[in-house]
Amino acid sequence: MLLILCMNTMIENAKIWQALGEVMDPELPISILDMGLIYDVRTNQQNVEIDLTFTAIACPAMTMIIDDVREKLEALPGVSSAQVNVVWNPPWTKARLTMQGREVLQSLGIAV
Amino acid sequence: MLPPEKDAELRQKIANGFIVETEEDMTPGYKAALEVILTVQGDTELVSAPAYYFASKDAPTINSRLAVYAIIQDELGHANIAYRLLEDLGVSKQWLMYGRAPHEFKHPYGFDQALENWAEMVVANGFFDRAGITLLSDVHKNCSYGPWQRALTKVDREEVLHLRHGESWMKRLAKAGGAAKEALQRAVDWMFPVTLEWFGLPDHLKKHNDQLEYRLKGLTNDQLRQVWMSATVPLCESIGIRVPAHFDSDKKEYHIDYEFPVEYDAKEKRWLFDQPITWQQVFQRWKQRGPMNQTYINMIQGEKNGAFGGLNW
Chain A
110 MLLILCMNTM IENAKIWQAL GEVMDPELPI SILDMGLIYD VRTNQQNVEI
160 DLTFTAIACP AMTMIIDDVR EKLEALPGVS SAQVNVVWNP PWTKARLTMQ
210 GREVLQSLGI AV
Chain B
14 MLPPEKDAEL RQKIANGFIV ETEEDMTPGY KAALEVILTV QGDTELVSAP
64 AYYFASKDAP TINSRLAVYA IIQDELGHAN IAYRLLEDLG VSKQWLMYGR
114 APHEFKHPYG FDQALENWAE MVVANGFFDR AGITLLSDVH KNCSYGPWQR
164 ALTKVDREEV LHLRHGESWM KRLAKAGGAA KEALQRAVDW MFPVTLEWFG
214 LPDHLKKHND QLEYRLKGLT NDQLRQVWMS ATVPLCESIG IRVPAHFDSD
264 KKEYHIDYEF PVEYDAKEKR WLFDQPITWQ QVFQRWKQRG PMNQTYINMI
314 QGEKNGAFGG LNW
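Taken in sequence, the protein lines are chains A and B.
Counted from 1, the first sequence has number 213 at position 104 by this note's numbering; the numbering is strictly sequential.
Counted from 1, the second sequence has number 270 at position 257 by this note's numbering; the numbering is strictly sequential.
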């Protein structure tokens with residue numbers, strides 16, 4: 110019984126990471142996952158909590174990204190609420206970009 | 014540069030898909046038309062900066078004000094791209110920035126108006142930046158001048174962000190209702206018609222069109238106006254904001270609900286819909302420039318007694 114519950118949570122987590130991989134940066138064709146903005150995903154029953162950072166404290170797209178994340182997660186079957194915590198520690202650096210993210214940015218002429 | 018008598022040949026080559034890369038490929042006519050359209054783009058981007066700056070002071074949160082600053086920075090970058098391309102054609106960037114009097118800048122009349130509150134700020138993003146995207150994505154798709162066409166990849170991406178900023182805030186203000194929605198409606202009331210004019214003379218009045226014949230752009234003024242309305246009219250309708258235009262399902266196009274163009278009271282920022290005028294009168298109004306023309310250009314040029322104190326920094 111306990112094992113089944115754990116399995117359920119694991120599946121939910123995977124789905125959430127997958128959904129986050131579909132949330133795009135509002136300006137560049139790169140997902141927020143490939144940007145390395147997601148620090149943690151926690152689930153509790155039907156509630157999801159995300160720790161997320163931004164590349165800069167003056168990021169102009171903060172509201173848009175938070176709105177997109179919440180909308181995406183709340184549309185998932187079995188999710189009733191999604192909370193987004195903005196965290197600044199550890200600070201984002203280019204090292205957090207995935208390989209795929211790096212390739213996208215380079216193809217747009219952005220040095221990484 | 015090619016001699017003027019090669020003009021017809023160049024137009025033909027362009028019609029067959031030729032991409033102009035350097036001055037050697039151009040005739041004087043092509044170069045002159047290119048300089049005009051690039052100057053309009055650069056000036057429009059440039060003057061949006063002071064206009065947005067004033068409006069940003071009314072931002073509801075620090076983050077939303079920062080978002081406008083980021084937009085301003087993008088716009089200045091876009092102006093730099095256009096001026097940089099003009100520099101390659103022998104036009105001095107120094108002169109473009111500092112050598113011209115305020116009335117000599119070629120931005121549209123809409124950017125000679127004061128943006129006085131947050132609602133006007135976000136409608137500027139939703140309407141003016143939408144106009145910018147409409148014009149520039151056409152250039153990006155169709156333009157015969159290679160260096161400009163390529164430079165617009167970055168510009169287009171950034172303009173999409175500005176647009177989204179505008180549209181999401183327009184939705185938010187409409188949803189809030191009350192005073193917020195009323196301010197939004199007031200902004201739309203003057204900013205919708207001013208953007209309709211932005212696309213210029215209707216096709217049936219236009220006798221010749223170098224910009225189209227040299228394929229500096231691909232769509233006509235009326236086509237571009239339709240593209241713009243096809244985005245802005247449904248957006249406003251979906252959030253309960255009135256606009257003086259609707260979709261005519263018989264003709265399958267957007268229809269302007271007044272005798273376009275009409276008289277404008279710039280001081281009151283109010284359109285006098287029952288007073289139709291000619292396009293000659295519109296051009297006259299544009300030529301006289303609007304109320305903020307001097308202030309905005311002074312800010313950019315750092316005029317000594319201007320808004321930014323010029324060299325007194």
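Backbone N, C-alpha and C define an ideal beta-carbon position, used for all residues, glycine too.
At the level of alpha carbons, what is the spacing between B:Asn-306 and A:Arg-151? 53 angstroms
Would you check if the distance between the CB atom of B:Gly-303 and the CB atom of B:Asp-71 is smaller than 8 angstroms? no
Spatially closest choice to A:Asn-194 from A:Leu-161, A:Gln-127 and A:Met-144, by CA coordinates: A:Leu-161
Could one say the Cβ of B:Arg-24 lies closer than 8 angstroms to chain A's Cβ atoms, at least one of them? no
Does any residue of chain B have a CB that is nearer than 8 angstroms to the CB of A:Met-119? Model confidence at A:Met-119 stands at a pLDDT of 49, short of 50, so the residue's coordinates are unreliable; what they give is reported in the following sentence. Closer than 8 angstroms: no.
Taking only three categories from DSSP, how would you classify A:Trp-201? coil
Work out the CA separation of B:Trp-241 and B:His-217 for me, nearest whole Å. 19 angstroms
Environment of B:Arg-228 [buried if 16+ CB atoms lie within 10 Å]: buried
Would you mind giving the Cβ-Cβ distance between B:Asn-155 and B:Lys-44, rounded to the nearest angstrom? I have them listed as a contact below 8 angstroms. The pair is not a contact, with the Cβ atoms about 19 angstroms apart (cut-off 8 angstroms).
For my contact list, B:Asp-151 and B:Leu-237 are in at a C-beta cut-off of 8 angstroms; report their separation, rounded to the angstrom. 7 angstroms
Taking a Cβ distance cut-off of 9 angstroms, strictly less, list which residues of the segment 167-190 of chain A are near chain B, in chain order. Ala-167, Cys-168, Pro-169, Ala-170, Met-171, Thr-172, Met-173 and Asp-176
So if DSSP puts B:His-259 in a beta bridge, which residue, or which two residues, is it bridged to? B:His-268
Limits of the beta strand (DSSP E) - the one that B:Phe-286 falls within: 283-289
Once DSSP output is grouped into helix, strand and coil, what is the label at B:Glu-276? strand
Kindly list, in the order they appear in chain B, the residues whose Cβ is closer than 7 angstroms to that of A:Glu-227. The structure shown has nothing for residue 227 of chain A, since chain A only spans 110 to 221.
Counterpart residues of B:Tyr-158 in DSSP-defined beta bridges: B:Val-33
Using a Cβ-Cβ cut-off of 8 angstroms (strictly less than) and excluding sequence neighbours within five positions of B:Leu-285, which residues of its own chain qualify? Val-275, Glu-276, Tyr-277 and Asp-278
Which bits of chain B does A:Glu-136 rub up against, with CB to CB less than 8 angstroms? Arg-170, Glu-171, Val-173 and Leu-174
Where B:Trp-326 and B:Glu-37 are concerned, what is the direct C-alpha to C-alpha distance, given to the nearest angstrom? Unreliable placement is indicated for B:Trp-326, whose pLDDT of 41 sits below 50; no coordinate value is reported for it.
Chain C partners of B:Ile-252, CB-CB under 8 angstroms? In the structure shown, chain C does not exist; the protein chains are A and B.
With 8 angstroms set as the bound, which would you pick, yes or no: does the beta-carbon of B:Arg-177 sit closer than that to a beta-carbon of chain A? yes
Would you decide whether B:Lys-282 is buried or exposed? Buried here means 16 or more other CB atoms lie within 10 Å of its CB. buried
Say whether chain A places a C-beta atom closer than 8 angstroms to the C-beta of B:Ser-61. no
Is the segment 89-107 of chain B close to the segment 161-171 of chain B, with three or more CB pairs under 8 angstroms? yes
From the DSSP secondary-structure annotation, give me the bridge partner or partners of A:Ser-190. A:Asn-156
Taking only beta-carbon positions, decide if B:Leu-79 is within less than 8 angstroms of chain A. yes
Residue of B:Lys-220, B:Val-207, B:Tyr-309 and B:Gly-315 minimising C-alpha distance to B:Ile-269: B:Val-207
To the nearest angstrom, how far is it from the Cα of B:Ser-40 to the Cα of A:Val-178? What sits at residue 40 of chain B in the sequence shown is Thr, not Ser. Cα to Cα, B:Thr-40 sits roughly 52 angstroms from A:Val-178.
Please check if any C-beta of chain A sits within less than 8 angstroms of the C-beta of B:Ile-84. yes
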